[in-house]
Amino acid sequence: MEKLKNDLLLRACKRKPVDRTPIWIMRQAGRYLPEYRAIREKHDFLTMCKTPELAAEVTIQPVDIIGVDAAIIFSDILVIPEAMGMKLQMIEGDGPVFDNPVRTERVANKLKPIDPSRDLKYVLDAISLTKKELYGRVPLIGFSGAPWTLLTYMVEGQGTKTFSNVKKLIYNNPELAHNLLKKLTTAVAHYLTAQIRAGANAVQIFDTWAGILSPRDYLIFALKYVNQLIAKIKRTDEPVIYFPKGVHYRMRTTADCGADVIGIDWTIDMEKARDKIGKKVAIQGNLDPNVLYAEPSFIKREAKKVLASYGKGTGHIFNLGHGILPDVDPAHAKVLVDYVKDKSKSYHQ
Ligand code: CP3
Numbered sequence: 001m002e003k004l005k006n007d008l009l010l011r012a013c014k015r016k017p018v019d020r021t022p023i024w025i026m027r028q029a030g031r032y033l034p035e036y037r038a039i040r041e042k043h044d045f046l047t048m049c050k051t052p053e054l055a056a057e058v059t060i061q062p063v064d065i066i067g068v069d070a071a072i073i074f075s076d077i078l079v080i081p082e083a084m085g086m087k088l089q090m091i092e093g094d095g096p097v098f099d100n101p102v103r104t105e106r107v108a109n110k111l112k113p114i115d116p117s118r119d120l121k122y123v124l125d126a127i128s129l130t131k132k133e134l135y136g137r138v139p140l141i142g143f144s145g146a147p148w149t150l151l152t153y154m155v156e157g158q159g160t161k162t163f164s165n166v167k168k169l170i171y172n173n174p175e176l177a178h179n180l181l182k183k184l185t186t187a188v189a190h191y192l193t194a195q196i197r198a199g200a201n202a203v204q205i206f207d208t209w210a211g212i213l214s215p216r217d218y219l220i221f222a223l224k225y226v227n228q229l230i231a232k233i234k235r236t237d238e239p240v241i242y243f244p245k246g247v248h249y250r251m252r253t254t255a256d257c258g259a260d261v262i263g264i265d266w267t268i269d270m271e272k273a274r275d276k277i278g279k280k281v282a283i284q285g286n287l288d289p290n291v292l293y294a295e296p297s298f299i300k301r302e303a304k305k306v307l308a309s310y311g312k313g314t315g316h317i318f319n320l321g322h323g324i325l326p327d328v329d330p331a332h333a334k335v336l337v338d339y340v341k342d343k344s345k346s347y348h349q
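Each residue of the sequence shown is one higher than the one before, starting from 1 at the first, in the numbering used here.
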């Protein structure tokens, strides 16, 4: 077993004692860093994902520049639908687009099962290379989209405010929706197992669109498959983090999904979340990403509220409640990280 110089994240995920609260930032490898933009100017986003040397370089940037306690592999959740045969385009300013969204059996039948060691080898290579280049400084997090969130993108084909297409599918043709969710669950389980084999020390499942479902539909179309997925991941003691953004209800049922950590956004009260699920799982979150637009003294005050709201003891992983925004000043991200590293010590005495 490798020895990590900083294993705070892994310890906190397992609710083992730590001398301070670990912190990392969702979307920490990205456009708010000038060092990222310098590389991005020369290569398009998907080329960066598919070139292990570039992916490893930008994965490590926030560890060097911001001082976070974990790296997260530079990639995207949409590499799975792409590997299944969908044509993915990243349109500047508009985000990801699939030309031929999956809304009928005919299109669904064309999707291929994936073999990660062949179809997503570039991610696994990026993970092994990053591990080598990190020299055990911090753990490396692998990730995937959750089946429900991947289905949403595959059916909508692009950004949406109403989610009408994926809702039409689950209401009008639930059988097709469930067939697709089953396929995705298998694909993601193989993918995350392969990431762990390649060296990922923990994995996060992003369920960005879990919160658009009714509490009942969340159980049927999202959580059910996350339960199956987590049970299928082959791992020794690598923690699993599940982040069902926008989900306020069914917290206890969510905490039973098999994950070691549940991520929450800033619209949920940390103290209440800990009350409900803190005996079963660790909790990750939950500073509003927009707080980083404020001046340093305000950032520190808000960070203090998050620390105090979780309270004393282990089981908290500090993070934003969603990804860092592209026009945030990196110095502000550093203020947050330095503050949490220093002031969280008093919560662990
Ligand atoms: O956290 C990290 O630093 C690792 C890298 C990472 C990216 N995407 C890089 C990226 C991770 C973990 C993701 C996950 C992801 N991708 C999610 C789930 C998390 C979330 O934010 O909800 C989702 C929904 C996607 C889909 C996606 N990819 C969108 C909607 C977009 C465009 C929107 C945007 O921010 O521009 C992307 C592109 C993307 N993924 C970028 C990055 C750094 C921007 C690409 C660029 O450099 O132009």
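Ideal placement from N, C-alpha and C gives every residue a C-beta, glycine not left out. Every value quoted in this text rests on a predicted model; they were computed, and no experiment measured them.
Can you determine whether any heavy atom of the ligand CP3 sits closer than 7 Å to the C-beta of residue i, and answer yes or no?
i, result
"Q28", "yes"
"S344", "no"
"I206", "Per the sequence presented here, residue 206 reads as Phe, with Ile not at that position. The answer is yes for F206."
"L78", "yes"
"R40", "yes"
"H322", "yes"
"P34", "no"
"P96", "yes"
"R250", "no"
"M90", "yes"
"I72", "yes"
"R301", "no"
"F318", "no"
"S75", "yes"
By alpha-carbon positions, which one of the options ends up nearest to residue i?
i, options, result
"D99", "K87, G93, N109", "K87"
"D427", "V328, F318, I324, D327", "Here the chain covers residues 1 to 349 and nothing more, so residue 427 does not appear."
"K132", "A198, V18, W266, C49", "A198"
"M26", "Y339, L325, K334, S346", "L325"
"K345", "D19, V107, V68", "D19"
"H352", "V226, T267, N201, V123", "Since the first and last residues shown for the chain are 1 and 349, residue 352 lies out of range."
In three-state DSSP terms, what is residue i?
i, result
"V240", "strand"
"M90", "strand"
"A55", "helix"
"Q284", "strand"
"L320", "strand"
"P326", "coil"
"F206", "strand"
"L151", "helix"
"V166", "helix"
"S214", "coil"
"F98", "strand"
"F143", "strand"
"A71", "strand"
"V261", "strand"
"I230", "helix"
"I23", "strand"
"E2", "coil"
"R252", "helix"
"K113", "Checking the displayed sequence, the identity of residue 113 turns out to be Pro instead of Lys. Looking at P113 - three-state DSSP - the assignment turns out to be coil, as it is neither helix nor strand."
"Q61", "helix"
"Q195", "helix"
"L78", "coil"
"T398", "With the chain represented from 1 up to 349, any question about residue 398 goes unanswered, as that position is not in the structure."
"N172", "helix"
"K182", "helix"
"K350", "Residue 350 is absent from the model: the chain starts at 1 and stops at 349."
Consider the Cβ of residue i: report whether some Cβ of chain C lies at a distance smaller than 8 Å.
i, result
"V58", "This model lacks chain C altogether; it includes just one protein chain."
The stretch 33-44 in contact with the stretch 301-321 per 3-pair CB rule at 8 Å: The stretch 33-44 makes no contact with the stretch 301-321; the number of CB pairs closer than 8 Å stays below 3.
The stretch 289-299 / the stretch 240-260 touching (three or more Cβ pairs under 8 Å): The stretch 289-299 vs the stretch 240-260: no contact.
The stretch 158-165 contacting the stretch 236-248, beta-carbon criterion three pairs below 8 Å: Output reads no: the stretch 236-248 does not touch the stretch 158-165.
At least three beta-carbon pairs within less than 8 Å, the stretch 70-87 to the stretch 108-118: Yes, they touch.
Sufficient close CB pairs (3 or more, under 8 Å) joining the stretch 190-208 to the stretch 138-151: Verdict: yes, contact present.
Segment contact, 8 Å Cβ cut-off, at least three pairs: the stretch 215-224 with the stretch 186-196: Contact between the stretch 215-224 and the stretch 186-196 is absent, because fewer than three Cβ pairs lie under 8 Å.
At least three beta-carbon pairs within less than 8 Å, the stretch 329-343 to the stretch 273-280: The stretch 329-343 vs the stretch 273-280: no contact.
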